[in-house]
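The listed protein sequences derive, respectively, from chains A and B. Taking my numbering, I'd label the letters of the first sequence as residues 3 to 189. Taking my numbering, I'd label the letters of the second sequence as residues 3 to 189. Every residue gets a Cβ at the ideal spot worked out from N, C-alpha and C, and that includes glycine. The structure appears below as structure tokens.
2 protein chains.
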Amino acid sequence: MSQPHTEKPYEKPQGERRGLVIINTGNGKGKTTAALGLLVRAQGRGLRTRLLQFIKHESANFGEHRSLKALNIPFAGLGDGFSWTSKDLDHSKELAQMGWKEAREAILSGDYDLLVLDEVTYPINWGWIDVQEVLETLKARPHMLHVVLTGRNAPQELVEYADTVTEMTPIKHAFDAGIPAQKGIEH
Amino acid sequence: MSQPHTEKPYEKPQGERRGLVIINTGNGKGKTTAALGLLVRAQGRGLRTRLLQFIKHESANFGEHRSLKALNIPFAGLGDGFSWTSKDLDHSKELAQMGWKEAREAILSGDYDLLVLDEVTYPINWGWIDVQEVLETLKARPHMLHVVLTGRNAPQELVEYADTVTEMTPIKHAFDAGIPAQKGIEH
């Protein structure tokens, strides 16, 4: 029951403003939704944004996609919606690599202020996208470009380079209690 | 470099669909932005949503508010934008209690499918809002209503009752490296 005035005073950092590399990782909820929230916030500020989703199928039309359309936030599903049950991993790999090519061009293009590479850690960790190439591309990005990367087990090289890294840790999850995924909440 | 097919198979839970209580807590980034992402996703699914912000000033117009307006997601700033430097804590306390009254009515009204009580843990932890009353209100909510609560140090009573609890843990933060908060990212 501490009162607010007992907290430590705010100290304004003196550094420069510049584009950030932000990573949302961990096994908990909120990695993608927090990135969606940043997109919405940034779009509201007039920033040029884009969402690139590495796992979701290009024809996926989840709740967020309908809202992103309404906000004129461009998005692309780069994957084939595959999972560990996918029968054709070669095709998934090819799509992920084409997706990375598109992401790389977007990062270097100068056309954006905020890019989200959603679930990009998976194809990196599976060895489909070269982590060193991702790192070099991030280092070569325009000065004011923010890039958000999401997914479990963010590679150490990217964590070391990133400005802000948050781990979403599950304390408990309705799914484990036997409640199925629900429209509008999970997708 | 584990391949996707090595992960454990998906098991579909057999429980019922119902409204969830979801808590985003911890000292890291993403508590509010993940709630914003859920709002956007839910709105895209046609759910009836509303954002109630307990700390932000009613006239605040951050990036998210402009986008929420564009999506027709109603929101209300219930606080006075106070912080630990606030000079008039009695006024802040009164606003928080009025805000809770409004939130309670919204929860029990049957008019919503998803409500976000953003930063509600602070006035609860300061003793301004009775945690037992919050708990009883959540228990009395309509069967299909989802309620998301955000803020640091979520009270144990609420964590125990909640369906899904995620702790956002800061691994590192640009702010600590001396980079100031930036429009479109932090607010």
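What's the call for residue i, buried or exposed, on a 16-neighbour Cβ count within 10 Å?
| i | result |
| --- | --- |
| B:Gln184 | buried |
| B:Glu121 | buried |
| A:Gln45 | buried |
| A:Glu18 | exposed |
| B:His145 | exposed |
| A:Asn26 | buried |
| B:Asp165 | buried |
| A:Glu190 | Here chain A has residues from 3 to 189 only, and residue 190 of chain A is not among them. |
| B:Asn29 | exposed |
| A:Lys31 | buried |
| A:Gly48 | exposed |
| B:Asn155 | exposed |
| A:Glu66 | buried |
| A:Asp115 | buried |
| A:Glu169 | buried |
| A:Ser111 | exposed |
Tell me, to the nearest whole angstrom, how far the beta carbon of residue i is from that of residue j; I am working on the premise that it is less than 8 Å.
| i | j | result |
| --- | --- | --- |
| B:Leu117 | B:Arg52 | 5 Å |
| A:Val211 | A:Leu140 | The structure shown does not extend to residue 211 of chain A, since chain A spans only 3 to 189, so no value can be given for it. |
| A:Ile187 | B:Leu40 | 7 Å |
| B:Arg50 | B:Asp90 | 35 Å between Cβ atoms; not a contact. |
| A:Arg143 | A:Val149 | 6 Å |
| B:Ile109 | B:Leu147 | 7 Å |
| A:Phe64 | A:His175 | About 19 Å separates the two Cβ atoms, so there is no contact after all. |
For the beta strand (DSSP E) holding residue i, just list the boundary residues, first then last.
| i | result |
| --- | --- |
| B:Ile24 | Val23 to Thr27 |
| A:Gly65 | Here A:Gly65 belongs to no beta strand (DSSP E); instead the alpha helix (DSSP H) covers Gly65 to Ala72. |
| A:His148 | His148 to Thr152 |
| B:Asp92 | Premise fails: B:Asp92 lies in the alpha helix (DSSP H), Leu91 to Ser111, not in any beta strand (DSSP E). |
| A:Asp120 | Leu116 to Asp120 |
Could you give the residue range of the alpha helix (DSSP H) that holds residue i?
| i | result |
| --- | --- |
| B:Val42 | Lys33 to Gly46 |
| A:Val133 | Val133 to Lys141 |
| B:Leu49 | Where B:Leu49 is concerned, there is no enclosing alpha helix (DSSP H), given that its DSSP letter is neither H nor E. |
| A:Ile126 | Thr123 to Asn127 |
What is the DSSP secondary structure of residue i, counted as helix, strand or coil?
| i | result |
| --- | --- |
| B:Phe177 | helix |
| A:Ile75 | coil |
| B:Glu169 | strand |
| A:Gln158 | helix |
| A:Glu18 | coil |
Checklist entry - Counting pairs of beta carbons, one from the segment 40-59 of chain A and one from the segment 164-181 of chain A, are three or more of them closer than 8 Å? => result no
Checklist entry - Are the segment 122-140 of chain A and the segment 91-101 of chain A touching by the rule of at least three beta carbon pairs closer than 8 Å? => result yes
Checklist entry - Is there contact here, the segment 159-166 of chain A with the segment 33-47 of chain A, by at least three beta-carbon pairs under 8 Å? => result no
Next on the checklist: Assess contact between the segment 69-78 of chain B and the segment 63-73 of chain A, defined as three or more Cβ pairs (one per stretch) separated by less than 8 Å. Is contact present?
Outcome noted: yes
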